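In what follows, a single structure is set out as structure tokens and then discussed.
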Amino acid sequence: DWAGGVIASYTRTAHFRINEFDTHYSTVTGWVDHDLDDRTRLRGSYDYSFAWVNYDPYVSAHSATATLFRLSDDGDGLTALSAGAGWYDFRYARLDPPQFDSTPPGETDPDRQDIDRDGTELSLDWMQYRQTDLEDLEMRYGYRYARYQADGREFAHMAHRFLAGFDVMLPG
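If you want it as structure tokens, here you go:
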């Protein structure tokens with residue numbers, strides 16, 4: 004079986020006294036699911052996001068992810084394994100204080116290249132979802148590894164993230 008969909012979202016923050024930090028963030032996501040068997044599903048997804056800070060372009064981002072979902076034998080658990088890649092293009096103006104800019108006109112400041120955030124991210128994720136004895140309580144835990152390779156060396160990094168949480172279905 005095949006299924007798919009598209010979802011769009013828009014988020015905005017507004018500050019009453021300091022509006023230079025107002026943000027706008029829009030995202031469009033498309034995905035396709037394919038059932039490999041009665042307990043296994045493969046999902047491919049693509050996201051495009053764009054953010055503004057105070058109506059000025061801030062970042063454009065593309066990401067693609069492949070996820071494999073597998074139900075446990077007892078039906079009370081779900082394992083998700085994901086691999087993803089993202090491309091980020093930061094659009095904000097990089098302003099250098101003039102008193103520190105000693106680069107002759109027409110030449111590129113070598114230090115400026117160190118602060119370029121544009122880059123790519125590769126990630127691997129493992130998540131486990133488990134239904135508890137309480138009917139309306141689900142636990143989740145997992146691990147995420149990400150490596151971001153920025154054009155500037157100051158923003159390149161590697162990250163390990165351990166995740167834990169729960170979902171509670173409240174009565175309607």
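For the sequence shown, this note's numbering assigns the number 4 to the initial residue and increments by one for each residue that follows.
We put the CB at the ideal spot given by N, CA and C, even for glycine.
The model shown is predicted, which means the values in this text are computed figures rather than measured ones.
Item: Cβ-based neighbour list, ILE118, same chain, cut-off 6 Å, excluding 5 preceding and 5 following; Value: GLY155, GLU157
Item: Simplified DSSP state of GLU23, which is helix, strand or coil; Value: helix
Item: Residues of its chain near ASP4, where Cβ-Cβ distance is below 7 Å and the 5 sequence neighbours each way are ignored; Value: ASP38
Item: ALA69 vs GLY47 beta-carbon contact at 7 Å; Value: yes
Item: Proximity below 7 Å, CB of THR82 to CB of GLN131; Value: yes
Item: Pairwise C-alpha distance: ALA64 and GLY89; Value: 7 Å
Item: Top-ranked residue by Cα proximity to LEU166, from GLY145, HIS160, HIS27, TRP55; Value: GLY145
Item: Separation of ARG44 from ILE21, as counted between CA atoms; Value: 47 Å
Item: Span separating the alpha-carbon of SER52 from that of PHE19; Value: 25 Å
Item: Beta-carbon proximity of ASP128 to ARG143, cut-off 7 Å; Value: no
Item: Cβ-based burial, TYR58 [other Cβ within 10 Å; buried from 16]; Value: exposed
Item: Status (buried if at least 16 other CB within 10 Å, exposed otherwise) for TYR91; Value: buried
Item: Cβ separation of PHE93 and ARG120, assumed to be a contact under 8 Å, to the nearest whole Å; Value: 4 Å
Item: Same chain only: Cβ atoms within 6 Å of VAL9, ignoring 5 sequence neighbours per side; Value: GLY33
Item: Buried versus exposed, by CB contacts within 10 Å (16 or more), PHE72; Value: buried
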